[in-house]
Amino acid sequence: MASDSWTQDKKILRRSGCRNVMNQLTSKMLAKGHYSQLFQQEEGYKWLKSRPKYVEAQAKRGRLMNDMPGFEDDKSRGYNANAINYYMKQYGVTEEEAFSEIQNMVRALDKILNEEFLKESATVPRKILKLAANFGKMVVFSYRTGEEYTNPDGIFKEHITSLFVNLIRL
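Below, the structure is given as structure tokens:
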């Protein structure tokens, strides 16, 4: 799945030189192995293979949340493959307007996630949904205060240290 998304990415870039926001989100949907724990169980594999709307929304939300705090850093390195850049080029808007619209997209995806989680809970085992939901929680934790995933020296580092180094004695 990952190699397919990267191949699709290259084809789109060669054809147009610029991609639109939704193509970027869709093609990189499962480009990373964030859901690898789900592949370890047969029911998790079958669920992911069906490309559920919950997983699509989770991946799109993660991509958008990653692109917002990393925008300036990406721009300084000449890296243009970012949802903010795509949105500005596609719709001819300012950086501020693009950020505002991307934030609206994240909020819309939050609603989809809530709806899909409730729908999926009727048919998908709880342990599978919990693993997928925990991935979403990690994304929110990583990007809510900035680019903590790439630059983990802030709050992220403090939390990890408190969890694994400075243990609470009971």
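The sequence shown lines up with residues 122 to 291 when you count with our numbering.
Glycine included, C-beta positions come from ideal geometry on N, C-alpha and C.
Predicted model, so just to flag it, every value in this text is computed and none were measured.
- Taken through DSSP and simplified to helix, strand or coil, Thr282 comes out as helix.
- Rounded to the nearest whole angstrom, the C-alpha separation of Arg265 and Met186 is 8 angstroms.
- Here Gly183 is not near Val245, since their CB atoms are 8 angstroms or more apart.
- The DSSP-derived three-state label of Asn201 is coil.
- DSSP places Gln224 inside the alpha helix (DSSP H), whose first and last residues are 216-241.
- Ile205 sits close to Glu216, with the two beta carbons spaced by under 8 angstroms.
- Taking a C-beta distance under 8 angstroms as the contact criterion, Ile233 and Gly165 do not qualify as a contact pair.
- Residue environment analysis places Gln161 among the exposed positions, since fewer than 16 neighbouring C-beta atoms fall within 10 angstroms of its C-beta.
- About 11 angstroms separates the Cβ atoms of Ala254 and Val176, ruling out a contact at the 8 angstroms cut-off.
- Leu185: member of the alpha helix (DSSP H) spanning 174-188, first to last residue.
- With contacts defined as CB atoms closer than 8 angstroms, Ser263 and Phe285 fail to qualify as a contacting pair.
- In this structure Asn203 is in contact with Phe192, their Cβ atoms being roughly 6 angstroms apart against a cut-off of 8 angstroms.
- According to the DSSP assignment, Arg247 belongs to the alpha helix (DSSP H) that extends over 247-264.
- Look at Leu288 here: in three-state DSSP terms it is coil, with no helix or strand label.
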